Structures are given as C-alpha cells and as structure tokens.
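Using full-length UniProt numbering, you'd call the opening residue of the sequence shown number 5 and step up by one each time. Built from N, CA and C at the ideal position, the CB exists for glycine as well. Note that the structure is a prediction, hence the values are computed from the model and not measured. To start, the structure under review is shown below, and the notes come after it.
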Amino acid sequence: GLRCVVTGAASGIGAEVARQLVEGGATVAALDIKAPDVRVDRFVECDLADPACIEAAVDELGSGWDVLCNVAGVPGTAPAELVMKVNFLGLRHLTEMFLDRLHRGGAVVTVASMAGFGWPQRLEQIRDLLATDDFDAGLAWFRENRPEGNAYNFSKEAVTVYVMTMGLALAERGLRMNAVSPGPVETPILGDFEQTMGKDNLDGVRDLIGRHATPADIAPAVLFLASGESSWINGVNLGADGGIGGAVVSGLI
Ligand code: NAI
C-alpha cells in the first residue's frame with residue numbers, strides 16, 4: 005500500500021481522507037496539533053504555524069513516503085496571520101521540506117477551496133508572495149502587502165496558484181502536485197464560514213444544489229489524485245463542489 009502523510013487528520017476532511025486511505029491498505033501518518041480519533045499508524049504532533057515545528061516533524065517522519073496530503077487549515081474567523089501561516093506559509097514549508105522524502109512517482113495533494121476562485125484577479129500579488137524564499141519572508145511580505153478582504157480567501161488563492169506552478173516544477177523529479185477545491189462541507193468549521201460569508205449566503209449556496217458536501221464526498225477526489233491512476237494529472241485544481249463552481253462563473257454567487 006501507499007505510504008501517506010495526512011495533515012489535519014484529527015478532524016473533518018482530513019480524518020475521512022486518513023480513514024479511507026487506511027481502509028484501502030495504505031500506511032498513514034497523521035500530522036496535526038490534535039491526536040486523531042481515526043485509526044492511523046503514526047501521529048506526529050505538529051503546529052503548521054511554526055516552521056521549527058514543521059522541520060522537527062519532517063525529521064521525525066524520515067524518508068520513503070509516497071504521498072503528502074495537505075488538508076489542515078483554519079477558517080477566516082482566526083487571526084489573519086494565523087490563517088496565512090497555516091493555510092499557505094506552513095503548508096508550503098512542509099511541502100518543500102518533504103519533497104526529498106517522497107519516492108519518484110509520489111504525489112502531493114492539497115485541499116484548497118472554492119474560496120480561492122478569485123486567484124486570477126490577484127495573480128500579480130500572489131506571484132510576489134510565491135517569490136518569497138521561505139516562511140518568514142512570506143510572512144513579512146504579508147505584513148507589508150496585506151491584500152484586501154478576508155485572509156482566508158487570499159490564503160486559498162495563493163495555495164491554488166502555488167499548486168498549479170509546483171506541478172510543472174516537480175514534473176522533472178517524477179513528482180506531482182494537485183489540489184482539490186471543495187465548496188461548503190459539513191465539518192466543525194462550517195459555522196465559521198457562516199460567520200465570515202453570512203448565513204444567508206451559505207444557505208443560498210446550499211439551496212442551489214440541495215445540500216452541503218460531507219467529507220465522504222471530498223475524500224475520494226483526494227485519494228484519486230494521490231494514486232497512480234492520476235499519473236498524468238499534474239498542477240491541476242480539481243473542483244469538488246457539486247457544481248456550484250458554475251454558479252460563480254454565471255454570477256449567481
Ligand atoms: P476541520 O476544522 O474539521 O479540520 C481541520 C484540521 O486541521 C483539524 O484537525 C485541526 O486540528 C487541523 N489544524 C488546524 N490548525 C492546525 C495547525 N496550526 N497545525 C496543524 N494542524 C492544524 O476543517 P475541515 O473542514 O476538515 O477543513 C480541512 C481543509 O478543507 C481546510 O484546509 C479547509 O480550509 C478546507 N475546506 C473546508 C471547507 C468546509 O466547508 N469545511 C470548504 C473548502 C475547503
């Protein structure tokens with residue numbers, strides 16, 4: 005089976021990804037600030053907001069892995085810098101430290117979000133952020149150039165573009181990196197999205213397609229991009245939103 009590291013495996017989408025991977029015969033190490041309830045082979049405690057913690061976790065994990073699933077994230081109700089640290093800067097730091105630990109043929113799958121759909125409007129800013137060398141430089145950039153609006157959206161826009169550029173960068177190393185972008189999913193952070201988006205807006209999105217997603221709707225897309233079955237898919241952002249991405253394009257939301 006595949007040897008996989010899953011961040012955010014203590015809750016929500018990450019827990020379901022870990023559960024389905026284990027069910028399919030994979031070896032799974034969970035990386036989170038909290039211990040997971042689902043059965044995994046290893047738990048490595050790690051705060052993705054802290055680069056030193058990330059480096060220690062990567063050391064502890066050792067080498068010989070096939071897959072990194074970046075699922076951990078914090079909602080826009082958290083302080084803006086924490087949102088940027090966990091959702092983008094720490095994710096990038098972990099990914100870049102971990103690449104040497106992946107076998108050729110390995111894959112990185114990152115859960116971004118439909119909230120990142122606005123990336124084309126901020127591509128110049130995002131390129132500037134991506135040009136920063138490391139976690140601290142990225143944080144300094146964010147402090148000086150803080151984009152308008154909720155940091156959650158910007159963090160997801162940045163991670164979407166990051167994944168798209170990394171696919172190409174990794175191809176010659178025989179590695180792949182793709183993203184899955186869910187719409188609203190029934191997890192503990194849905195209430196936070198109600199606060200940042202407005203309950204009426206979130207209900208309106210739900211009513212367009214009849215229900216919100218559950219983690220079980222999202223995890224198979226992550227598993228597909230983690231597996232060799234997606235071997236020629238690289239640098240792609242796969243919507244897993246039940247179709248509501250179309251409502252963005254047509255201006256309904
Ligand atoms: P969740 O709150 O159920 O799970 C998030 C996990 O990340 C938790 O296990 C938490 O302990 C971990 N985490 C938080 N801060 C951390 C840190 N500093 N270091 C390490 N781990 C940390 O949330 P959910 O919904 O499962 O979210 C997973 C991903 O899906 C996130 O990246 C989120 O932005 C994304 N997403 C969620 C949507 C939703 O509607 N629930 C919609 C679109 C994207």
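Per DSSP, reduced to three states, the secondary structure at residue 192 is coil, with no helix or strand assignment.
Residue 166 and residue 173 have their C-alpha atoms some 10 Å from each other. In the three-state scheme derived from DSSP, where H, G and I count as helix and E and B as strand, residue 207 is classed as helix. Of the heavy atoms belonging to the ligand NAI, none sits nearer than 7 Å to the Cβ of residue 73. Burial state of residue 184 is buried, judged by a 10 Å Cβ sphere holding 16 or more other Cβ atoms. For residue 216, no beta strand (DSSP E) segment is defined, and its DSSP state is neither H nor E. Taking 8 Å as the cut-off, the Cβ atoms of residue 110 and residue 63 do not count as close. Taking residue 193 as reference, the option from 8, 7, 15 and 11 with the minimal CA-CA separation is 15. Restricting attention to beta strand (DSSP E) runs no shorter than 3 residues, the stretch 120 to 152 encloses none. Following the DSSP letters along the chain, one finds residue 169 in no beta strand (DSSP E) but inside the alpha helix (DSSP H) bounded by residues 155 to 175. With a cutoff of 8 Å on beta-carbon distance, residue 157 and residue 242 are scored as not near each other. Within the same chain, Cβ atoms closer than 7 Å to the Cβ of residue 86 are found at 53 and 78, the five residues on either side in sequence being excluded. Under the DSSP assignment, residue 108 falls in the beta strand (DSSP E) whose first and last residues are 106 to 115. Contact check for residue 248 against residue 213 passes: the beta carbons are separated by less than 8 Å. For residue 11, the pairing in a beta bridge is given by DSSP as 35.
In the three-state reduction of the DSSP assignment, residue 80 falls in the coil class.
Each residue's CA atom was taken as its position, placing residue 161 and residue 100 some 19 Å apart. Residue 55 and residue 125 have their alpha carbons spaced roughly 29 Å apart.
In the structure shown, the three-state DSSP call for residue 70 is strand.
For residue 188, the distance from the CB to the nearest heavy atom of the ligand NAI is below 7 Å. Rounded to whole angstroms, the gap between the alpha carbons of residue 37 and residue 81 is 18 Å. The beta-carbon separation of residue 32 and residue 48, rounded to 11 Å, does not stay under the 8 Å limit for a contact.
Annotated three-state conformation of residue 186 is strand, per DSSP.
The beta carbon of residue 175 sits closer than 7 Å to the beta carbons of 238 from its chain, once the five residues preceding and following it are set aside; these are given in chain order. Contact between residue 163 and residue 91 holds, since their C-beta atoms are separated by about 6 Å, short of 8 Å. Look at residue 170: its beta carbon is at least 7 Å from all of the heavy atoms in the ligand NAI. Cβ-Cβ separation between residue 73 and residue 11: approximately 7 Å, consistent with a contact (criterion under 8 Å).
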